[in-house]
Every structure is written in structure tokens, then in C-alpha cells.
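Visitor:
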Amino acid sequence: MKKILPYLFATLLAGFGLLTLFLSSVIFDLFGIRAKEGNYVLFVVWSNFISSILYIFAAYGFIKNKRWTATLLVISTLILIAAFIGLKIHINSGGIYETKTVGAMIFRIAVTFVFAIIAFFTINKQLNNNHNE
């Protein structure tokens, strides 16, 4: 079971990263998604795009038990929090946005933070156990 967990976490994180990458394709107008997205906030989309790349690298880190996995996810969490603060400023300044963006940002921050905690405790514990053997 312990050997399955890193692959499970990596699969979930890679899936989340690929989905985020696809949804961020509005930047490049891939698949004509820009017309479907409505009032997107560009800096939020860029933060999601950067986070999607970090998620994919972190998924690799889960599989290879790399200590930097948690660091990547914490960096991603901080990027998303900064974007969320920027989004709130944008909203309070009368900027246009999709209401679903606020909920999506809160969800993304929470998921990223949970993955960071999981990475920190599972990888560090595993590395410490391997070091003690």
C-alpha cells in the first residue's frame, strides 16, 4: 500500500495539472476556448498556467520521492494566493470577471495546499525512514 500512494498522489496531481493546463489555454486561444470563457482575468489565468506546470513537475517529484516536491507546491500555493488577492483588488476596483472564478481560485488554493502538506509529510517521512535503515 505504501508503494502505491506516491503513484496515486502523482496521478491525481498530474491529472489536476493537465486539466489546469488545458483550462489555461485561453492565453493562447487553443481549441477556440477564448470565445467560450467569457470575462476571464488574464493574470489569474497566467497564475493557473504557471501552477499547472509546477503541478506536473511535482507529480514527478512524488514518484521519485524528491524533497523539493513540497516546495514546488508551496510556491504554487503562494502564486495562487497572490493572484487571488489581485483578483479581489480587481473586483473591488470594478473590473469584470466571472463569478465562478472566485470559487475556482479558493478550490485551487485549497487543493494545492493539501497536496503540499501531503508531499511534505509523506516524502519527508519516507526519506527519514530510508535514512534510518
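So in this note's numbering, spot 2 of the sequence shown is number 1015, and the numbers just go up one at a time.
C-beta atoms are modelled at their ideal positions from N, C-alpha and C, and glycine is treated no differently.
Beta-carbon within less than 8 Å of L1031's beta-carbon, same chain only, minus the 5 sequence neighbours each way: which residues are those?
Guide: Result list for L1031: S1065, I1069, in chain order.
Visitor: Mind checking S1106: buried by the 16 CB within 10 Å criterion, or exposed?
Guide: Exposed, by the Cβ-count rule.
Visitor: By the 10 Å Cβ neighbour count, where 16 or more other Cβ atoms means buried, how is A1083 classified, buried or exposed?
Guide: Buried, by the Cβ-count rule.
Visitor: Are A1095 and V1057 closer than 8 Å when you measure CB to CB?
Guide: Cβ atoms of A1095 and V1057: not closer than 8 Å.
Visitor: Can you give, in chain order, each stretch of the alpha helix (DSSP H) that sits fully within the segment 1056-1136 and has at least 4 residues?
Guide: As far as the segment 1056-1136 is concerned, its whole alpha helix (DSSP H) runs of at least 4 residues are 1081-1105.
Visitor: Nearest-angstrom Cα distance between S1060 and L1091?
Guide: Approximately 10 Å between the Cα atoms of the pair.
Visitor: I need the DSSP call for F1041, collapsed to helix, strand or coil.
Guide: F1041 falls in the coil class under three-state DSSP.
Visitor: Taking contact to mean 3 or more Cβ pairs, one atom from each stretch, closer than 8 Å, check whether the segment 1116-1132 and the segment 1074-1088 are in contact.
Guide: They touch, by the three-pair rule.
Visitor: From this set, F1044, K1101, L1026, which residue's C-alpha is nearest M1118's C-alpha?
Guide: Closest by alpha carbon: K1101.
Visitor: Which residues bound the alpha helix (DSSP H) around K1049?
Guide: First-last of the alpha helix (DSSP H) with K1049: 1046-1050.
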